[in-house]
Structures are given as C-alpha cells and as structure tokens.
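Report on one structure; see the data block that follows.
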Amino acid sequence: MHIDIKGKFDSEVCENIPLNFTNLIQGYGYLLVTDYNLKILQWSENFLVLLKLTNTDFEGRNFKDFLSVTQYEEVRKKIENKNVEDHISIDLDIVLKQHFTRFRATLHIKDKYVLFELEESNNDNTLSFTKLYQEIEYFSAVLKVAGSMEEICQKAAENLMSLSSFDRVMIYRFDEDWNGQVLGEASVNGKQEYLGFHFPSSDIPRQARQLYLKNPYRMIPDINDKDQQLIPPINKSINGITDLSDCNLRSVASVHLEYLKKMGVQASMSVPIVKDQQLWGIIACHHNTPKHLSYELRTVFGLLSNLISELVTTRESHYLLTKRIELFDKLGEMTRFMSYTGDFVSGLSDGKVNILQLLNLTGAVILYENTYNRIGATPPKKFVEEMMEWYKNAHPQQFFFSHELANIFPPAQEYSNLASGVIFLPLSGDHKYYIIGFRKEYVQTIKWAGDPGYASGLPNDLAALHPRNSFGLYIEKKRHNSLKWTNIEIEIAHNLLKSILEIILRSQILKRIIAEEEVYKLSIIAQRTGNAVLTLNQHGRVEWVNQSFSDYSGMQLKDVTGKTFAEILKSSENIIIVTDSKSKGNVKRSAFKTDILLHREDKGTYLNFNVSRVKNIDKQKYKYIIIGTDVTKMKEKSNVLASINEQLDDYTNLVAHDLKAPIKGIEGLINVLEENTDFVKHEENTEVFSLIRESISKMDLFISSLLSQAKQHRIELSEVDLNILLEDVFKWLNPDKSRIKYSLEKNMPVIQTNKNTLQQVFSNLISNAIRYGCNKEGICEIEIGISEMHDTFIQFFVKDNGYGISKEYHQRIFNLYDTGKENNSTGIGLHTTKSLIEKNNGRIWVESEPGHGALFKFEWTI
14 MHIDIKGKFD SEVCENIPLN FTNLIQGYGY LLVTDYNLKI LQWSENFLVL
64 LKLTNTDFEG RNFKDFLSVT QYEEVRKKIE NKNVEDHISI DLDIVLKQHF
114 TRFRATLHIK DKYVLFELEE SNNDNTLSFT KLYQEIEYFS AVLKVAGSME
164 EICQKAAENL MSLSSFDRVM IYRFDEDWNG QVLGEASVNG KQEYLGFHFP
214 SSDIPRQARQ LYLKNPYRMI PDINDKDQQL IPPINKSING ITDLSDCNLR
264 SVASVHLEYL KKMGVQASMS VPIVKDQQLW GIIACHHNTP KHLSYELRTV
314 FGLLSNLISE LVTTRESHYL LTKRIELFDK LGEMTRFMSY TGDFVSGLSD
364 GKVNILQLLN LTGAVILYEN TYNRIGATPP KKFVEEMMEW YKNAHPQQFF
414 FSHELANIFP PAQEYSNLAS GVIFLPLSGD HKYYIIGFRK EYVQTIKWAG
464 DPGYASGLPN DLAALHPRNS FGLYIEKKRH NSLKWTNIEI EIAHNLLKSI
514 LEIILRSQIL KRIIAEEEVY KLSIIAQRTG NAVLTLNQHG RVEWVNQSFS
564 DYSGMQLKDV TGKTFAEILK SSENIIIVTD SKSKGNVKRS AFKTDILLHR
614 EDKGTYLNFN VSRVKNIDKQ KYKYIIIGTD VTKMKEKSNV LASINEQLDD
664 YTNLVAHDLK APIKGIEGLI NVLEENTDFV KHEENTEVFS LIRESISKMD
714 LFISSLLSQA KQHRIELSEV DLNILLEDVF KWLNPDKSRI KYSLEKNMPV
764 IQTNKNTLQQ VFSNLISNAI RYGCNKEGIC EIEIGISEMH DTFIQFFVKD
814 NGYGISKEYH QRIFNLYDTG KENNSTGIGL HTTKSLIEKN NGRIWVESEP
864 GHGALFKFEW TI
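Below you can see the structure in the form of structure tokens.
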C-alpha cells in the first residue's frame, strides 16, 4: 500500500495555522514589548499579576522604572549597538514589592520595538560553570568514539536523558520529504518504543520547521498550562500584531497540545539539529508529568545540539568525500578505456569498470548510430521505444532522472523488477542518440508511528483539526520505486556524459582526417599501379578521374564531371555491365564495397571496378573512390577453369552413378529374397542380410563422401536457419528412435553461410556419433548446440555418450583413410568434415577420454 501523505489534510491545513501571530505566550514566563527608549508598548497579562497592578496603572510606564541605573544603561547600550539582535541573554534585577527579584531575560531587537522574555531565576537549580563544562566535555568524548550515525544518535539520546531526567529522549532525522525517522531513543523504562519509526512531515509542518531555525529550543513545561494574552492586542509602533517568531515563550498550537496528549506526554522540549543552515533533525524530549527545565540546562542542550551537528556534518562529509573519490576513480578508469579504444559504446561495458558499476544500475541501453546496445538486465525493446517517445515529449533534450518511473510513466509498473528507476543521458539534441540507465525495484518497508494518512475528522475550520488517534506501529510497503539517485551519482552522470561527448567529438574529427587521407592514398596507389580511378562527392557525382580511366573509357574529365557512374556507363556504347553484386559487409564498419565487372567489346578487355564509400563525420555524407583493375587475363583463366569444373562435375556424377548402380542392384536382390518367407526363416540368412545391408550403407556413405570431397569448391551463400537445418539433417539420416536420442539447442540464430556445406558437416558428425557414439547397451545420446558465439564465427559442438577416443587418436581420426585402431570407419567422413571446415576458415577438434564419450567442437566462420 502506498500512502500519498502530501495529499492529506494535515500537510495542507496544518501549514496554514498561524504560529507566530497569536498574541499569546506560555505561562512559565513573562513578555514585555517596548520601544527603543524602553517605553512599554505591550505586556503579558501575568506580568501585571506579578506586579499586582492594573492595566490602567501599568499603561504608559517605562521599563527603566523597574531597573537599576546600571542595568538600564547596560540594556540601552545593547539596543543601540545592535551587534546581536536576537536571543541576547542578560540577568535583570527587577523591582517587585519594594525589593529586587532576579530574572533571566532574553532580548530580541526588532525594527521598531524590543521584546523582553523574562523568567524568574531559581538559584537552587543553577548548574555551576564547572559542572556545565564537565557535562559538555563528557558528552563530546562519548560521541567522538561512536561509529555510525545511528550510534551517535543513540549515545546522544542516552546522555541527554541522563543529564535532563526526561522520561524519554528521541533523536530523529528528516528525509528530503521532511518525514522524520528515529535514529536514537532512550527512556527511563529502557523500552525503545519508537526506534526506527517514521513520523510524517505533517507532525512538524513547514512553518514550524522554519521557526526551529530561529529558536534554539522549544519547551512546553505543562500542556495544561493556561496561555497568557498580550495587552493591548495591537503593537502601536507597527500598528499591527507583534511577530513572536523569535520568542521561546510563544504559545503552542492546540493541535500540537492534543498531539502530545494522545502520546501520553505532559511536558516536552524540542531542540533543533541544524546542518548547513538547514534543519537536519530534532532532539525530542518527553515527560509524563509537568517538567520545567532550567535555563542553564536548556542552554546546555543547545550547545550539545551544535556538537551533534558538527559530528553529523563531519561524518556525512567524510562519507560523501570517500564516495566521491571512489566514483571519480571509477569514472577516470572508464574514461581512459573509452579514450584508448575510441569507442565509448564498448567502453561503457567492456572495461574494468562498466556503467552498471559506476551508476549502480541494473541495466543500460545505448542508442547510437542506429544501433541498439544492451548492458545487463533491461526491459524489452518495445517498452524502451515507448518510453523514449514519452520522454521526448515530456523532457525533450533534458538530462533527466527519477526513482519512481511508474508514477510518471505508468507502463513501467509492469517492468518494475527492471525499470523502477531511470536516468536519461542525451547524446544529441535531435532525439536520436541516448544512454538510458535502469534501476530495479527497491521494496521499502516503512514503520510509521500510526497511520500517517488517518485523521479523526477533516476540518471546516482550524478549530476542527485533530491529530491521529494512535501512534502504534503501522507498516507501509513502498513498491515500484528504486533506490534514490544521490547528488554524487548525478554529478558523476553529468561528468560521464561530458566525457562521452568529448570522446565522440574527438573520434569524429579523427575519422574525418583518416577518411580524407585514405581517399588521397588510394588515389596515389591506384595511379602508380596503372588502375583506373574516379573520386565522387557525397551525392555520387564525379569530381576527378585519372588518365588510366580516360584511356579505358575514352572519356576525359570534362566529359564525366558531375555525372554519376551509372550515367557514365549508359553513355558508352562499347561498355557492357557483366555483374553488379553488392555486399554490405560488417555493419560496424564505416564503408561498404560494390564490385562491378565491365567488358569493353571493341577492345576485348574486362575491368573490375571496386567502389568504396567512406562516411563523413555526420554519418550522412560520404566520399566515394572507384578503382578499376584490368582482369582480362583473370577472366580468361576463369572461363577455362569453369569449363574444366563443369567437365569434372559431369565425370564425378557419372562415376557416382556407375558406382551406385551395382549397389542398388544388390539391395534390390536382397529385397526380393527377403520376400521369400521360407528363405528368411533360416536365422543365418537373416544375419547375412543384415551384414549385406550394413555394407551397402557404408559403401553408399563412402561414395557420398567422395562426392562431397570433390565438390568442396562450390560456395553459395544464403540465409540459413540453424534450427531448421539440423532438423532436416536428422530427418534425412532417419535414425532408429528407439535407441538414438538427440537434443538440439533451442532458438539458434539465422546466419548467412553455405547451407549445403554446413549441412554436410553436421551430417558427417552426427552419422559418426550414431555409428560409434553409443554406449554398451547400444543407446546413443547426442547433444548439439552452440558453445560460443562471436561477431565473426560460431563455435558448435556435437556430443555423444559412446566409448570415447584415446588421446593418441585425437589427431589421427581426421586423416584421410586413417581409421585409427579404435575406429571402424572408412576414414573419409571426418577427413571431409575437417576439410570443409578449414576451407571455411575454421577448425575442428575432439575432446574425449575412453569411457566418457566424445565431444566434437568446430568453429564456423560467418
């Protein structure tokens, strides 16, 4: 269950309660408001009770009438100097009943008036300077040896309770939403009823938090004490109500008094912990009976609060500095790797430090140059694309992050285990290139002191407002959120983005220089070798041709400038296009090649033109260079070889037919004999038939192997689905399913290769496994799959459960006609397989031990 505390009554209404313009003070002290000459403007009603005067008797009096001459001069100087304007402490002896009574006074000098907070001094409760110093010194020593933040707060709570004798002392810290969490708690009964609990922000609303920054403490000696009014209600110096923001005596809102009552608290004191001029936390002291803490102890609490603040600042600063150094070291390592490789995409994933470790991510997606790269665990591509459309509209061209993605993009809720948090690093301003980091869900269990969303009744006016009735444990589980992004992580992300953009710019500049140099070098080389050369602009139109091209085509530079290569070929009556085959090559490279074979009939010459396209820095414009090489002699030889190959194919097919014809005849004869029931009844005849059939099968395989060996030079590339290819091989082999069990890896890729050759390789290896890979019971278990996959090759494996092969035969089994001592084959199948694989720039080997089956592995170039 998720509770939207911000939307509840208490945060909206409580924050509108006026706390500083009440014209009321608490009854444990007195308040006077004077002008700068100490003429009395306002007074609390209890001060007249103390003086036993009426309002008429007191109105118009001057405060100096109640002070000695010396003290009057001291007060007047403080008002005139204005070195310090708030919380000026001074002891005043005020004339009461014909004799002086000592008061602790706190002055607040305002723009047109002065506030005097007065409390009668009780010398019996006054701590000596030595005692105060000892308490502070001991408190400081205890906290300095504490380790964690929780330990600091716990030790502080225990010592403050011991010093003040409050029934309960709690220290809690505010989060970024101003909810408080209790980090330390001490009580007279030893129970920690609220340790680890959270209190909603409405418990201390915004205007109350602002007042804590102005007051060193907030004491309520008795929640049942009667408030005292200021008389008269209007301050004549400002013609308005007096602002009591700086007064410690300021009255307490009724809703807070009810709040304390429902907690079972009769007296309380709260001391702010301020860090970097922001409210970090609160020291909350509770007592079950009325309790008035002396001025001296309140002062000590203020000093000790400052000490806690210093320790908190030091510990947090040390942690942040350590974390900052750690992350910047990782960023430096990653940046160096990216700069070294010149490829930020691989640099984010392949170095000692990757982006997941740097930013504490679950996964990341990189959209760059029409490529979609994934690192770690990420949501489906379709979801990412939908999220990108939302992001482009909601936060165009912005660095953006959130720990609650589902709240702003609801479809993310379905993928909260992968994408509860997100960070966008835009690499371009045109919505094309981005880095997106994801964080998985962090389910947070929060222990609240009562249901933070509950109210005893929604108010129509302020008088109807009431706090919640219970402060017992209330569990909330926050879902669909990730860990929050820290300030240092955001700083690191900004610096990472800056480094990537610098690497991209540097790489693009370098590529432009290299591309221009490459065009120039190719032109020079081609000229020296006598090849025909053309250079084209990004639109594919001729900029320059060399003399060799003019000699071949009969066209000069002026004839072809501005034309495309196709237009040049069409304008020539003698040139015929023989082939035009295109191959895009590796998509990761920045060029593609097109080979065009041309034939000039009048001269009987052939030229092969190679077109190279080099991308410019913006990846949209190109420089082309076309080099034509005279291949007339090669073409003539090729024609002769083609004729010879065709004759060899015819001869091979003829030999195969002549070899297989007698075998088919024998097989037919066996079929006829087996139809003779009487003849088959003899068991020895059945065994003979079985041996003959086995020999026929071996001879057929032998002839097929010879045919395959003879035709290895035939290479025709096509799209091959490996799943279908292997199923076809098993259908063709048609093994005995009662004893041959096979398993194929699922979801194998589609590749571009020579289908027949690869099919022959698998057929040979699987046949070998069926024939020699069975166990003693005659059961064959064959596994086929991919063990490694790379950009340029795939490593396949074929595994059986047979007798295995001794190490001394691991190489010999691939030799032609060398069957080895442990193999009963013709020696052609595995040799043919090895030859086919090596012609495809691969390799094959076997891993086996006697009694443990055989594992054949081979690398197939793609």
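With the first letter of the sequence shown counted as 1, position 351 gets the number 364 in the numbering used here; the numbers rise by one all the way through.
Every residue gets a Cβ at the ideal spot worked out from N, C-alpha and C, and that includes glycine.
Predicted model, so just to flag it, every value in this text is computed and none were measured.
Close Cβ partners of residue i (< 8 Å) along its chain, the five nearest in sequence each way excluded
i, result
"S134", "D104, R115, F116, R117 and Y308"
"P424", "F396, E399 and M400"
"Y446", "L380, Y381, E382, P439 and L440"
"V358", "I379, Y381, T384 and N386"
Beta-carbon proximity of residue i to residue j, cut-off 9 Å
i, j, result
"Y428", "A462", "no"
"I448", "V435", "no"
"R181", "E198", "yes"
"L344", "I505", "yes"
"E271", "P480", "yes"
"I149", "L317", "yes"
"S561", "N544", "yes"
"L66", "S57", "no"
"A432", "F412", "no"
"I797", "F810", "yes"
"Q279", "G40", "no"
"K453", "S495", "yes"
For residue j and residue i, the rounded distance between their alpha carbons
i, j, result
"L403", "N736", "Residue identity check: residue 403 is Trp in the sequence provided, not Leu. Each residue's alpha carbon lies about 38 Å from the other."
"L333", "H121", "38 Å"
"S322", "F152", "13 Å"
"I517", "E329", "36 Å"
"N559", "L372", "55 Å"
"V155", "Q111", "49 Å"
"L547", "V555", "7 Å"
"W745", "V774", "14 Å"
"D48", "F129", "11 Å"
"D734", "M761", "8 Å"
"V366", "F437", "20 Å"
"K249", "L145", "42 Å"
"F743", "K768", "15 Å"
"G575", "M568", "13 Å"
"Q290", "Q223", "11 Å"
"A867", "I753", "16 Å"
"P748", "R784", "10 Å"
"V201", "S283", "18 Å"
"A377", "T874", "30 Å"
"V859", "S751", "27 Å"
"D464", "I217", "16 Å"
"P863", "L771", "28 Å"
"G485", "K304", "25 Å"
Closest by C-alpha distance to residue i, when choosing among the options
i, options, result
"K820", "H300, H865 and I779", "H865"
"I236", "K511, G277 and G815", "G277"
"K491", "K460, S512, N500 and L509", "K460"
"D640", "V624, W498 and Y455", "Rather than Asp, the amino acid found at residue 640 in this sequence is Ile. Checking every option, the nearest Cα to that of I640 belongs to V624."
"E72", "S102, W858 and I244", "I244"
"Y565", "L131, K52, T642 and L324", "T642"
"T577", "L620, I638, D813 and M174", "I638"
"Y292", "N853, K646 and E189", "As written in the sequence, residue 292 is Leu, which differs from the Tyr given in the question. For the residues N853, K646 and E189, the minimum Cα distance to L292 belongs to E189."
"A297", "D813, E132, G193 and V268", "G193"
"L64", "K52, F79 and N50", "F79"
"D238", "Q220, I251, T255 and S281", "S281"
"N781", "P393, N482, K636 and Y816", "Y816"
Spatial neighbours of residue i in its chain, beta-carbon cut-off 6 Å, leaving aside the 5 residues before and after
i, result
"F60", "Y43"
"T857", "Note on residue identity: the sequence assigns Ile, not Thr, to residue 857. These residues qualify, in order along the chain: K847, I850 and F871."
"L510", "L438"
"M918", "Because residue 918 is not part of the residues shown, which for the chain are 14 to 875, the question remains open."
"Q457", "K491"
Contact test: residue i Cβ vs the ligand MG heavy atom, cutoff 8 Å
i, result
"I53", "With respect to small molecules bound, the structure shown includes none, and the ligand MG cannot be examined in it."
Residues near residue i in its chain [Cβ-Cβ closer than 7 Å; skip 5 each side]
i, result
"E171", "A199"
is_contact[residue i, chain C] using C-beta, thresh 9 Å
i, result
"E860", "Within the model displayed, chain C is absent; a lone protein chain is all it includes."
Contact the region 226-237 vs the region 253-262: 3+ CB pairs below 8 Å: yes
Stretch pair the region 202-220 + the region 229-245: three plus CB contacts closer than 8 Å: no
Contact the region 848-867 vs the region 774-788: 3+ CB pairs below 8 Å: yes
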